[in-house]
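Residue numbers for the sequence shown follow full-length UniProt numbering, so the first one is 1 and each next one is one higher.
Ideal Cβ positions, reconstructed from N, Cα and C, are used throughout, including at glycine.
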Amino acid sequence: MSDHHVHVVTDSTASLPPGTDERLRSVPLHVIVDDESSLEGVDLTADDVAAHLLAGRRVTTSQPTPRAFGEAYAAAAAAGASEIVSVHLSGELSGTVHAAALAAADAPVPVRVVDSRTVAMGLGFAARAAARAAVAGAGTDVVARRAIEVADASRAVFLVDSLDHLRRGGRLSAASAALGTVLGVRPLLAVRHGRIEVVQKVRTKAAAVERLTTVAVESAGRRSRPALAVHHVGDDDGAHRLAVELTDRTGLDVVVTSVSAVLGAHVGPGVLAVVVADLADRGSGVGELTGSL
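Here is the structure:
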């Protein structure tokens, strides 16, 4: 295994906190504001996107080009990668994983592309677990399985102020969006089978936040080695209050980050989200390499 150095590539929708894991790099998606394209996390943040949306500007998004992935794969190879695992947000929500697959065909080293079928730190936890497995000496098969098992065991739940942004972006059906609006409720959304769905409708924001908290605590309790993250757009105080409550009720440290600018464009201002993952080794083989993951 010492002759094989696996690196991991993900994308900016992973909403990873500051600081780069060894052997992990991220490719930014594009956010287009009134026809001006920017790279998320490089040129603008989710808070910037929220301000543009509140100002009534037209905000759309686009996946990275195959060329951008090709450059990331070449950089990983130059840094010593003999193989790459490229893990990305759900193919049901974006063409990002397809662009990665196109670039993989011409990469200087073999690339295994993984559709995480999730978003935000559901993807982020999976990418970080894969990178840590790679650092521990795992080969491509084990690193890819590690990403898949962590992504599959994750749950992402979002509280949004409005479903309009998701509906306009085609990430939610018009019927689901209309249902939440007509009833005048606070919708809770979840990622299921790679897609975003309305899972519950709550009358007030306070009740919705409490329900979000309860769902996270119950989900963490069902996992062998739970990990928690809280995301927000423009509500750092609310996110940290939620994180403190989750820590009090679970005893776990909670990662707090803004959602990615791309996700911010789709969910709109005022979002709070919780991601619950399970970092337990479910047979990927990582446990045989190290007990620290």
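Three-way DSSP call (helix, strand, coil) for residue i in this model
| i | result |
| --- | --- |
| residue 9 | strand |
| residue 60 | strand |
| residue 262 | helix |
| residue 33 | strand |
| residue 175 | In this predicted model, residue 175 has a pLDDT of only 49, less than 50, meaning its place in the structure is not dependable; the value taken from the coordinates is given anyway. Correct three-state label for residue 175: helix. |
| residue 98 | helix |
| residue 153 | coil |
| residue 279 | coil |
| residue 92 | coil |
| residue 273 | strand |
| residue 87 | strand |
| residue 25 | strand |
| residue 107 | coil |
| residue 4 | coil |
Cβ shell of residue i (< 7 Å), same chain only, five flanking positions each side left out
| i | result |
| --- | --- |
| residue 95 | 63 |
| residue 208 | 159, 186, 188 and 202 |
| residue 77 | 108 and 109 |
| residue 68 | 27 |
| residue 269 | 50, 53, 54, 161, 233 and 234 |
| residue 106 | 70 |
| residue 199 | 188, 189 and 190 |
| residue 254 | 228, 229, 230, 243, 246 and 247 |
Span of the alpha helix (DSSP H), counted from its first residue to its last, around residue i
| i | result |
| --- | --- |
| residue 248 | 236-250 |
| residue 66 | 66-78 |
| residue 212 | 205-221 |
| residue 123 | 120-135 |
Assumed close pair residue i, residue j - CB separation to whole angstroms, cut-off 8 Å
| i | j | result |
| --- | --- | --- |
| residue 123 | residue 158 | Wrong, their Cβ atoms sit about 14 Å apart, outside the cutoff. |
| residue 225 | residue 131 | So it is not a contact: roughly 17 Å between Cβ atoms. |
| residue 128 | residue 219 | With a Cβ gap of about 19 Å, residue 128 and residue 219 do not count as contacting. |
| residue 153 | residue 278 | 4 Å |
| residue 118 | residue 217 | Wrong, their Cβ atoms sit about 20 Å apart, outside the cutoff. |
| residue 204 | residue 242 | Not a contact, Cβ separation roughly 16 Å. |
| residue 113 | residue 104 | 5 Å |
| residue 151 | residue 6 | In fact, because the Cβ distance is near 17 Å, the residues do not count as touching under 8 Å. |
| residue 32 | residue 65 | Actually they do not touch by this definition, with Cβ atoms about 14 Å apart. |
| residue 57 | residue 34 | 5 Å |
| residue 221 | residue 4 | That belief does not hold up - the Cβ atoms of residue 221 and residue 4 are roughly 38 Å apart, past 8 Å. |
Close-in-space but distant-in-sequence residues of the same chain around residue i (CB under 6 Å, 5 per side omitted)
| i | result |
| --- | --- |
| residue 46 | 233, 258, 259, 261 and 264 |
| residue 288 | Because the pLDDT at residue 288 is just 38, under 50, the model does not fix this residue reliably, and the value given afterwards should be weighed accordingly. Closer than 6 Å at the Cβ level, and outside the excluded window around residue 288, lies no residue. |
| residue 110 | 83 |
| residue 21 | 128 and 131 |
| residue 195 | 92 |
| residue 30 | 37 and 62 |
| residue 14 | 123, 124 and 127 |
| residue 223 | 278 |
| residue 215 | 157 |
Span of the beta strand (DSSP E), counted from its first residue to its last, around residue i
| i | result |
| --- | --- |
| residue 257 | 254-258 |
| residue 115 | 111-115 |
| residue 231 | 226-232 |
| residue 195 | 195-202 |
| residue 55 | It is not in any beta strand (DSSP E) - residue 55 carries neither H nor E in the DSSP assignment. |
| residue 15 | Careful: residue 15 lies outside any beta strand (DSSP E) and carries neither H nor E. |
| residue 160 | Note, residue 160: premise wrong, no beta strand (DSSP E); not H, not E. |
| residue 188 | 186-192 |
Beta-carbon proximity list for residue i, same chain, < 8 Å, skipping 5 on both sides
| i | result |
| --- | --- |
| residue 239 | 230, 231, 232, 256 and 272 |
| residue 80 | 5 and 7 |
| residue 245 | 213 |
Between the stretch 249-263 and the stretch 225-240, do three or more beta carbon pairs fall short of 8 Å?
yes
How do the stretch 26-44 and the stretch 147-155 stand: do at least 3 beta-carbon pairs fall below 8 Å, yes or no?
no
Three CB pairs or more closer than 8 Å across the stretch 79-91 and the stretch 4-24
yes
contact_flag[the stretch 276-283, the stretch 248-255] where n(CB pairs < 8 Å) is 3 or more
no
The stretch 69-81 in contact with the stretch 99-109 per 3-pair CB rule at 8 Å
yes
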